[in-house]
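Peer 1: Sharing a structure with you now.
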Amino acid sequence: MHILYDHQMFAIQKVGGISRIFIELMREFSQNSDCFIHWYRGIKTDDYDISEYRHRLKRYWSIPNLLFKLVNLDREYINRSLFKYFIQTFDRQYDIYHPSYYDATFLEIAKSKKLAVTICDMIPEKILSGNPQLASKFKNVVESKKILARQADIIFAISESTKKDVVDILQIEPEKIQVTYLASRIKDFPLAELPEPCRNKPYFLYVGTRSKYKNFELVMQAFAIEPQLSNNFNLVCFGGSSDFLEPEIEFIEKYHMRENFIYLRGDDSLLKTLYSNALALLYPSRYEGFGLPPLEAMECQCPVICCSTSSLPEVVGDAATFVDPDSAEDLATAMQKIVGDLEYRSSAIAKGSQQASLFTWEKSARQTLDGYRSVI
-19 MHILYDHQMF AIQKVGGISR IFIELMREFS QNSDCFIHWY RGIKTDDYDI SEYRHRLKRY
41 WSIPNLLFKL VNLDREYINR SLFKYFIQTF DRQYDIYHPS YYDATFLEIA KSKKLAVTIC
101 DMIPEKILSG NPQLASKFKN VVESKKILAR QADIIFAISE STKKDVVDIL QIEPEKIQVT
161 YLASRIKDFP LAELPEPCRN KPYFLYVGTR SKYKNFELVM QAFAIEPQLS NNFNLVCFGG
221 SSDFLEPEIE FIEKYHMREN FIYLRGDDSL LKTLYSNALA LLYPSRYEGF GLPPLEAMEC
281 QCPVICCSTS SLPEVVGDAA TFVDPDSAED LATAMQKIVG DLEYRSSAIA KGSQQASLFT
341 WEKSARQTLD GYRSVI
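This note's numbering numbers the first residue of the sequence shown as -19 and each following residue consecutively.
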C-alpha cells in the first residue's frame, strides 16, 4: 500500500495536535512491511525529530527552512510546485492520499486512488461562526473541509463527539466516519528541572490556549472567590499563543493575584515535569475535538478537573472530577477537595493511570490502517 502525506500542517505548526497525528502514524506504519510511506515534508518549519524512522520511509523530501530565511520567496507557491513534482516523479498512482490539513486544491495534484481525511474538531463551524471577524478568517478552511469530507472515501474523527458534529454540520453519512482516538507519548520524555517560579507554592496547572471557548475565565474567578486558593496556591499556565493578555492581567490584579499567576512555555520535557508536580490539571473547556492535555495529565499521574462537555468524558472516563462550566464555586470546591482529601486524590490518580492506558498510538495506527484497507 503506497500512502501519500503532504506538508500542509507542517508548514503551519512547529508542533501541535494535528501534525502530531501524522508524525505518529508514519512512525507506526513505517514498521509495517505492507506500508510504503511517501512524505513531502516541504520547506521545514516544524520541530519534529524523525531520525528514528526516517530511513524506513519509501520517499521523503524536506527542504531546510534556512534556505529561505534571507530570501523573499513565496513559500506556499514553492511548496505547491515541489509537491506536484514529488508526485510526478513516482511511477504509479498512490493508493491513499491522506492530507495533513484541509486545502482541497491539492486533490487535483495528488490524484490518488482513494482519499482519507482526518477531522479533529468542528471549532470553526461551531464556535467561531458567531464572531464575524474569525468566521471570515476561517472561511476558506471551512469550505475546503466541507469539500474534502464529501469527496473522502473515509473520514477519521478523533472522538465520537467530533463524529456527531461532522454528521450534524456537514451532513455526512455516519457509515463513512471511523472514530480513531489520539494517544500520548509524554511518558517517553525525560523530566526537566522544575522552574524556580513553581517552587514557591504548590500549584494547579492550565495547559493550552485561553481562547473564549476554553473557559479560562472560570479558573480566574475560582481563585478570586476563594481566598484559601489564592493565599496558598499558584496557577501555572503553560503554552498557548501568548503570555497573559491585558484583560486577564487587569482581572488578576484587581483581586491582588498577580503573583499567583505564572506563564511558561517550553518543550515536552518541561510539560511532563509540570504535570508530574501539579496538584491537578484544570481544564474547564466548553468544547474539544479530543482533549489531549487531560490524557497527558493522567499519564503523568496528575489528577484532572474538567467539564463534562463534548469529547472530554470519552477521554477521562470516570477518572476526572467534573465541574459545571458556568460555576466558579463548583470549580473552587473541586480544587479544594483534590488538595484536602488525600484518599480521593489517590483514587483519582489511580483511575487516571488506568484510563490513560486505553489510548496508544499503536492502537490508533492499527485502526487507521484498517480504515485504509476497508476502502482500497
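Cβ atoms here follow ideal geometry from the backbone N, Cα and C, with glycine treated the same way. No experiment lies behind these values; they were computed from the predicted model shown.
State the beta-bridge partners of Thr98 as determined by DSSP.
Peer 2: Phe136
Peer 1: How would you write the range of the beta strand (DSSP E) that Phe70 sits in, first residue to last?
Peer 2: Premise fails: Phe70 is in no beta strand (DSSP E) and is neither H nor E.
Peer 1: Going straight from the alpha carbon of Glu279 to that of Gly(-4), what length do you get?
Peer 2: 18 Å
Peer 1: Helix, strand or coil, according to DSSP, for Val159 in the structure here?
Peer 2: It is a strand residue.
Peer 1: How is Lys24 classed by DSSP in three states: helix, strand or coil?
Peer 2: strand
Peer 1: Starting from Ile329, trace the alpha helix (DSSP H) in both directions and tell me its first and last residue.
Peer 2: Leu322 to Ala336
Peer 1: Are three or more beta carbon pairs between the segment 164 to 180 and the segment 194 to 208 nearer than 8 Å?
Peer 2: no
Peer 1: Are there 16 or more other CB atoms within 10 angstroms of the CB of Phe63, so buried, or fewer, so exposed?
Peer 2: buried
Peer 1: If we ignore side chains and look at the alpha-carbon of each, how far apart do Lys125 and Tyr82 end up?
Peer 2: If I take the Cα positions, the gap works out to 5 Å.
Peer 1: CB Ala300 to CB Pro274, shorter than 8 Å?
Peer 2: yes
Peer 1: Relative to the alpha-carbon of Ile232, which residue among Lys(-6), Asn214 and His35 has its alpha-carbon at the smallest distance?
Peer 2: Asn214
Peer 1: In angstroms with no decimal places, state the Cα-to-Cα distance between Asn59 and Thr69.
Peer 2: 15 Å
Peer 1: Reducing DSSP to helix, strand and coil, say where Val295 ends up.
Peer 2: helix
Peer 1: Opposite Thr340 in the DSSP bridges: which residues?
Peer 2: Looking at the DSSP assignment, Thr340 forms no beta bridge with any residue, so it has no partner.
Peer 1: Counting pairs of Cβ atoms below 8 Å between the segment 172 to 187 and the segment 131 to 146, do you hit three or more?
Peer 2: Too few Cβ pairs lie closer than 8 Å, so no.
Peer 1: Going by alpha carbons, who is nearest to Val147 out of Asp223, Leu87 and Ala129?
Peer 2: Ala129
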